[in-house]
Amino acid sequence: MKPVRIHLDAHAHIYPEYDLPRLLLAALDHMPRIEPADLRVLCLAERADCFFFQAFAQDEIRLPGDRWRIVAWDSDGGVRIRHLADHRDLWIIAGRQMVAAERIEVCALFSDEPIADGQPAREIIRAILAAGGLPALPWAPGKWLGPRGRLVQALTREFSPDRLVLIDSSLRPRGWPAPRLYAAARRQGRAVLSGSDPLPVPGEERLAGSCHCTFSIPALEDPTRLVAPLKAALTSGSLAIRHSGASFGPLAVWHRLRGNARAKAACESGTGPHITT
25 MKPVRIHLDA
35 HAHIYPEYDL
45 PRLLLAALDH
55 MPRIEPADLR
65 VLCLAERADC
75 FFFQAFAQDE
85 IRLPGDRWRI
95 VAWDSDGGVR
105 IRHLADHRDL
115 WIIAGRQMVA
125 AERIEVCALF
135 SDEPIADGQP
145 AREIIRAILA
155 AGGLPALPWA
165 PGKWLGPRGR
175 LVQALTREFS
185 PDRLVLIDSS
195 LRPRGWPAPR
205 LYAAARRQGR
215 AVLSGSDPLP
225 VPGEERLAGS
235 CHCTFSIPAL
245 EDPTRLVAPL
255 KAALTSGSLA
265 IRHSGASFGP
275 LAVWHRLRGN
285 ARAKAACESG
295 TGPHITT
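Numbering-wise, the numbering used here comes out as the position in the sequence shown, counting from 1, plus 24.
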């Protein structure tokens, strides 16, 4: 059987401010289907007050039935949704995002187990592993510099490539040099993924899937079970990963971050919707 090509947005958010059908269509449009067997995948990074995947699992979210249908559930933490108009499918994978005591972000791929913010990064990583997830460190503006950058480097020394991966972000502007850590990670066999990392501002849902990576995994024994083989591929140490999707110029990234800061300030002053980062 032929390998399956995966197009993966490894750092996706679904915030309450978002138009969900618009997000799903954006992900389908941004990630290609070169062959009919290709799979498009969003790995969620849900913050402490977001429970989209749990709501889906408990049938609390209803998409328009004449346009969308759930066609597969993976009990390890995945749901496959079909856009009925053109029969395009999208996998959504459970995952969470925590803010460590050192003010870096740590993500849990393949796990929806709640883990408290504010703990040391090492403890969060160990908790993710204990819950059966795959820890990931997502790049974010300014958060891999200085003492925090040295912490990220230390974590990649302490946790082997099959226990910790890295994620690049659409918030790294076009032309901005990639962290040296990426090249070192690839030499180690550590997966370096890509993610859109949309901000909690209405309209950012249009970026779902815009920054993604592509690779191939062995053919699925069961087409309704993706989580275990995807996790195995990401931790194999031999995955050839190609990064794709649109990148943003420095000014566009600045406008996105400024909009997020304004929304957060409005929330804190009581004049806007609840928004945190």
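Note that beta-carbon positions come from the ideal geometry of N, C-alpha and C, so glycine has one too.
Notebook entry, point to check: Taking all protein chains shown into account, do 16 or more other C-beta atoms lie within 10 angstroms of the C-beta of I180, making it buried, or fewer, making it exposed?
Noted result: Correcting the residue type first, residue 180 is Thr in the shown sequence and not Ile. Classification of T180: buried, given that the 10 Å Cβ count is 16 or more.
Query - Cβ-based neighbour list, Q177, same chain, cut-off 8 Å, excluding 5 preceding and 5 following - result: L205
Cβ shell of P226 (< 6 Å), same chain only, five flanking positions each side left out:
E41
Q.
With H, G and I counted as helix, E and B as strand and the rest as coil, what does DSSP make of I299?
A. Interpretation of I299 is limited by its pLDDT of 40, a score under 50 that renders its predicted location unreliable; the figure taken from the coordinates is listed afterwards. DSSP places I299 in the coil class of the three-state scheme, outside both helix and strand.
- Query: Quick one, which of I30, R214 and I117 has its alpha-carbon nearest A81's?
  - Reply: I117
- Message: Please report the distance separating the alpha-carbon of S135 from that of Q78.
- Response: The straight-line gap from Cα to Cα measures roughly 11 Å.
task: Alpha carbon to alpha carbon, how far is D90 from A202? Give it in angstroms, no decimals.
output: 43 Å
*Taking the alpha carbon of S194 as the point to measure from, which residue in A243, S268 and A257 has its own alpha carbon closest?*
S268
From the DSSP output, read off the bridge partner residues of V216.
L190
Check: Starting from H54 and walking both ways along the beta strand (DSSP E), at which residues does that stretch end?
Finding: First-last for H54: L44 to H54, but that is the alpha helix (DSSP H), not the beta strand (DSSP E).
Note to self: I'd like to check one pair, V130 with D113: are the Cβ atoms closer than 9 Å?
What the structure shows: no
_Taking DSSP's pairing of strands, which residues face E70 in a bridge?_
R120
Notebook entry, point to check: Roughly how many angstroms lie between the CA atoms of A232 and A50, to the nearest whole one?
Noted result: Their Cα atoms are separated by approximately 6 Å.
Out of curiosity, what's the CA-to-CA distance linking R187 and F272?
30 Å
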